[in-house]
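See structure below.
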Amino acid sequence: MGVVGPNGFLDQPHDLTLYEYDGGVDKHKPDIVVFPRSTEEVAAIVKIANQHNLPFVGRGAGTGLSGGVIPRAGGVMISFAKMNRILEIDLMNERCVVQPGVVNLDVTLAVQGEKYFYAPDPSSQRACTIGGNVAENAGGPHTLAYGVTTNHVMALELVLPDGSIIETGGKEPDLPGYDLVGLFTGSEGTMALVTKITLRLMRAPEMVKTLLAIYDSTEDCGATVAEITARAITPVAVEMLDGPMLRMVEEATHAGYPMDAAAVLLIELEGLKEAVEEQVEQIREVCQSCRAREFRVAKSAEERDLLWKGRKNAFGAVGRMSPFYYVQDGVVPRTQIAGTLKKIGEVADKYGLSISNIFHAGDGNMHPIILFNARIPGQLEAAQHAGEDILEHCISVGGSITGEHGVGMEKMELMSKQFPPETLDMIAKFKNLFDPQCRLNPGKLLPTGRGCMEIRQRPLTEKTAV
Amino acid sequence: MSELCPATAAELAQALADAASRNQKIRLGGNFSKPGTTAGDVSISTRALNRVLTFEPKDLTISVEAGLPYAELTQLLNRHQMMIPLDPPWSAQATIGGVVAANHSGPRRRLYGSARDLVIGMTFATLDGQVIQSGGMVVKNVAGLDMAKLMIGSYGTLAAMATINFKLIPKPAGSRTFCLTAPTLEAAMQKRDEILRGVLQPVALDLLNPEAAELVGLPAQWSLLLQAAGNAALLDRYSRELSAGQMIGEEVWPRVQEFTPMFLAAHPQGRVARFSTTLTDVSEPYRVWRGPMIARAATGVLYGYSERPLSLPAGLKMVIEYGEALMPWAQTGSDYSAMKRVKQMLDPKGLLNPGRLYARL
Ligand SMILES: Cc1cc2nc3c(=O)[nH]c(=O)nc-3n(C[C@H](O)[C@H](O)[C@H](O)COP(=O)(O)OP(=O)(O)OC[C@H]3O[C@@H](n4cnc5c(N)ncnc54)[C@H](O)[C@@H]3O)c2cc1C
Chain W
583 MGVVGPNGFL DQPHDLTLYE YDGGVDKHKP DIVVFPRSTE EVAAIVKIAN QHNLPFVGRG
643 AGTGLSGGVI PRAGGVMISF AKMNRILEID LMNERCVVQP GVVNLDVTLA VQGEKYFYAP
703 DPSSQRACTI GGNVAENAGG PHTLAYGVTT NHVMALELVL PDGSIIETGG KEPDLPGYDL
763 VGLFTGSEGT MALVTKITLR LMRAPEMVKT LLAIYDSTED CGATVAEITA RAITPVAVEM
823 LDGPMLRMVE EATHAGYPMD AAAVLLIELE GLKEAVEEQV EQIREVCQSC RAREFRVAKS
883 AEERDLLWKG RKNAFGAVGR MSPFYYVQDG VVPRTQIAGT LKKIGEVADK YGLSISNIFH
943 AGDGNMHPII LFNARIPGQL EAAQHAGEDI LEHCISVGGS ITGEHGVGME KMELMSKQFP
1003 PETLDMIAKF KNLFDPQCRL NPGKLLPTGR GCMEIRQRPL TEKTAV
Chain Y
14 MSELCPATAA ELAQALADAA SRNQKIRLGG NFSKPGTTAG DVSISTRALN RVLTFEPKDL
74 TISVEAGLPY AELTQLLNRH QMMIPLDPPW SAQATIGGVV AANHSGPRRR LYGSARDLVI
134 GMTFATLDGQ VIQSGGMVVK NVAGLDMAKL MIGSYGTLAA MATINFKLIP KPAGSRTFCL
194 TAPTLEAAMQ KRDEILRGVL QPVALDLLNP EAAELVGLPA QWSLLLQAAG NAALLDRYSR
254 ELSAGQMIGE EVWPRVQEFT PMFLAAHPQG RVARFSTTLT DVSEPYRVWR GPMIARAATG
314 VLYGYSERPL SLPAGLKMVI EYGEALMPWA QTGSDYSAMK RVKQMLDPKG LLNPGRLYAR
374 L
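Chain order of the listed sequences is W and Y.
First residue of the first sequence: 583, per our numbering; consecutive thereafter.
First residue of the second sequence: 14, per our numbering; consecutive thereafter.
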């Protein structure tokens, strides 16, 4: 691997083991991991991989939850860990240009002193990269008000699967031609590698208020979310944690969540003082009418940070309690949240698994966390079946199988339940247009038989359990 | 030219497939309210696709057919205190599909975004007679490719939108508009910078040169128009902080929104140029332009109006949006070949609205 030099790659089995998984439940080793430092190096690597007929896949931080980064056909993994520089901060124009390996939170940290921020804030923002965010079109608690990644990406530099480099979009809005930035964002690293991103920054709000509403029933909690939406109140974040989740989080973080509640809502309001103050009262009223047991307003920045720390470290907290868990990402219309929570309870009973919930309630993006023990034969499969049942329910009430984690290799087969065959074929056509050899991240996004991989790649090894 | 008005997505797909099988060039549109439509062998209008399919006020979502008049949609939402604040020109005649296909937007995009931020799902019919789905009816959704983004602003050169789903924005309690005038462009830009760097969050912030100001009924001066929205306490705050400006009536906004049709009605030979700039460069097009010009000053999109054909200023990112003969956009980048491949894939024979996308696609 002359392109990246002797320290620019890993190919020893013990090293490769570190690159065989992401935050999901699937696994497969790459044959080599390379660490390019520039766009040109990425392009050169892609060309070499093509010459050797090897598949390749881009890797950010490996925090993906749908197996997006798993090199299921082996080959070259292109890690963006060394392309992690913020190239330009242009506050006057509300823009920031970054390399793909920049960690999400570092963008906000770089500009918050000047009272700007980067809005999409996945709970994994301390680790996940902007490149991975663009690939998955990541969301986060605050995307309820500010939109997901695609609403904040202005331009992309891409290395196409044939090794050519293109730039699309710009710092300026509405450039003529087709919105390729919009097409490539959320394409799950299957159509191009992202090597540079121009982001939109936003002005920090004058006032932030964080509220905690505590409930003795999950139904009432779900009903509150529907009622906030129906009354057209516009918080910037509405996160829900159910009882089992609360207790795990509280034990790990001591954020001050009540241990005995059935559920809580973590609500954030931002904007000008006059608007925020009014909304606090409106939300207090809704929570009370929906039988909240208690309603707290964080009194200090510390109290607020603690509440959020609990939320954002939730998966870590789960990990303390259960070594194996499986997170789902279905979306339902907001009027369907209460019913969906009930359904999730039924599914848990059906499979004898425990499922707790922590999710972006404001946009109906459910994250049931299925706890299981992979050492007990059949439990992984049971967890996967439970996940599928829940997602089928989401589809049946007019929702989606994924709100932010992507289809990856985890939910491929469910795509045909959500979309008609013509649509799946059209997605395959786009993939084929940019990657006719099917070398970039093969075997993702589309159901088996509808993608291109089966025909051209060597067969998969059996999925190894966690 | 015969005109077809399919009434379902399947009929639309069939009409496209029939025309394609005969190699007929297709003039595709809604109400054909905007000038610059290309001639074709057959005309297909979405006019009869004019139903509201699902409206869920409590979920703040709606699904409509592409031929629904924008005005009708706005009235319906108004009754529920909701909006899709795209504020397009030709708002009385346009269909929602036409608005999205042209990626028309208006003054309030600073706060609410443009079509790419408000569309949550779509179906479109292709030349091979298929109906394709992108997204759905939930506000957050990453399943599948976001193909809807390609349709937005494609001027019907790739496929025909059949249905479009939107997320809805609740109407604010009230709004107020302020006009801040300045003796020079530089002074106006400085005022804008102060606002952008402050904490106020205007819904709209437009800059009009004296020629444009006069045409919307304001004194002929450099004018920054700012709209604030929210509760009474919030609006009073704006009044206090913008005391240098003058509060004016909301009726100025429809005139700003409809400036293009108004200008072209008065000057049928006129040209409308659209510039894309960074925020700091919003002043640049003004320096080279003779004639009325309106900027979305907090976004970076400007519209210049000329009574007669013009030579294009060099070095600026721009297109002729409307005018007798469409001129190709000046600078194409390294992504142009990828755009052509997308066009080629969906419309290999170049039948759909040929050249409608600024004479290039
Ligand atoms: C605790 C936890 C909480 C999470 N919370 C959220 C949340 O709130 N919201 C949310 O949206 N997600 C969340 N996630 C999921 C995950 O963090 C996101 O999907 C994130 O965007 C992945 O970024 P990454 O850098 O880790 O990408 P990886 O996992 O490394 O890769 C993800 C995909 O992106 C592709 N990719 C990476 N870099 C590039 C590149 N430069 N060019 C092309 N393709 C590339 C990969 O091939 C792969 O397909 C969470 C995950 C964890 C573990």
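Even for Gly, the Cβ is constructed at its ideal location relative to N, Cα and C.
Residue of the options minimising C-alpha distance to residue i
| i | options | result |
| --- | --- | --- |
| Y:E69 | Y:L364, Y:I182, Y:L359, Y:C192 | Y:I182 |
| W:E928 | W:W890, W:E963, W:I940, W:G969 | W:G969 |
| Y:L365 | Y:G43, Y:T51, Y:E16 | Y:T51 |
| Y:L323 | Y:I307, Y:R303, Y:G313, Y:K330 | Y:R303 |
| W:R957 | W:S982, W:E974, W:S904, W:D931 | W:S904 |
| W:G729 | Y:M160, Y:V155, Y:K356 | Y:V155 |
| Y:P48 | Y:S34, Y:E334, Y:R309 | Y:E334 |
| W:Q694 | W:A786, W:D824, W:E801 | W:A786 |
| Y:Q143 | W:Q633, W:L1015, W:M1008, W:Q1019 | W:M1008 |
| Y:S390 | Y:R205, Y:E264, Y:L209, Y:S256 | Outside the displayed span of chain Y (14 to 374) sits residue 390 of chain Y, for which this structure offers no information. |
| W:G825 | W:E809, W:D672, W:Y797 | W:Y797 |
| W:T731 | W:G759, W:D744, W:E696, W:E770 | W:E770 |
| Y:M202 | Y:P341, Y:S127, Y:S296, Y:R300 | Y:S296 |
| Y:L140 | Y:A30, Y:L163, Y:F45 | Y:A30 |
| Y:A311 | W:M789, W:H836, W:V914, W:L783 | W:L783 |
Beta-carbon separation (whole angstroms), residue i vs residue j, contact threshold 8 Å
| i | j | result |
| --- | --- | --- |
| W:L742 | W:I748 | 6 Å |
| Y:F179 | Y:I133 | 6 Å |
| W:A795 | W:V846 | 6 Å |
| Y:P19 | Y:L62 | 7 Å |
| W:A930 | W:I937 | 4 Å |
| W:E821 | W:A943 | 6 Å |
| W:T889 | W:T792 | Rather than Thr, the amino acid found at residue 889 of chain W in this sequence is Leu. So it is a contact: roughly 6 Å between Cβ atoms. |
| Y:A257 | Y:Q240 | With a Cβ gap of about 16 Å, Y:A257 and Y:Q240 do not count as contacting. |
| W:L765 | Y:L158 | 7 Å |
| Y:N244 | Y:A308 | Y:N244 to Y:A308, Cβ: 29 Å. No contact. |
Which residues DSSP lists as bridging residue i, in chain order
| i | result |
| --- | --- |
| Y:Y316 | Y:R287, Y:I307 |
| Y:C192 | Y:L238, Y:Q259 |
| W:S936 | W:L953 |
| W:L848 | W:L794, W:E821 |
| W:S661 | W:R641 |
| Y:I333 | Y:A286 |
| W:K778 | W:E739 |
| Y:G243 | Y:G187 |
| Y:S46 | According to DSSP, Y:S46 bridges with nothing at all. |
| Y:P82 | Y:T108 |
| W:S982 | W:V913 |
| W:E749 | W:E739 |
| W:K609 | W:Y603 |
Beta carbon of residue i nearer than 8 Å to that of residue j
| i | j | result |
| --- | --- | --- |
| W:I652 | W:M991 | yes |
| W:V807 | W:A727 | no |
| W:I952 | W:L935 | yes |
| Y:L66 | Y:S76 | yes |
| Y:L370 | Y:S167 | yes |
| Y:V112 | Y:L124 | no |
| W:A655 | W:P682 | no |
| W:V868 | W:K778 | no |
| Y:M174 | Y:A242 | no |
| W:E539 | W:V586 | Given that chain W is displayed from residue 583 to residue 1048, the structure contains no residue 539 of chain W and the question cannot be resolved. |
| W:N733 | Y:D130 | yes |
Residue i: first and last residue of the uninterrupted beta strand (DSSP E) it sits in
| i | result |
| --- | --- |
| W:Y728 | Note, W:Y728: premise wrong, no beta strand (DSSP E); alpha helix (DSSP H) at 725–728. |
| W:Y908 | 906–909 |
| W:S706 | Per DSSP, W:S706 belongs to no beta strand (DSSP E) and is neither H nor E. |
| Y:V265 | Note, Y:V265: premise wrong, no beta strand (DSSP E); alpha helix (DSSP H) at 265–270. |
Residue i: first and last residue of the uninterrupted alpha helix (DSSP H) it sits in
| i | result |
| --- | --- |
| Y:A226 | 223–228 |
| W:E867 | 855–871 |
| W:N715 | 712–718 |
| W:S998 | 997–1000 |
| Y:M358 | 349–359 |
| W:G675 | According to the sequence shown, residue 675 of chain W is Asn rather than Gly. Counting along the chain, W:N675 falls outside any alpha helix (DSSP H), and DSSP gives it neither H nor E. |
Chain C residues whose Cβ lies nearer than 9 Å to that of residue i
| i | result |
| --- | --- |
| W:Y700 | Reference to chain C is not applicable here, since the protein chains of this structure are W and Y. |
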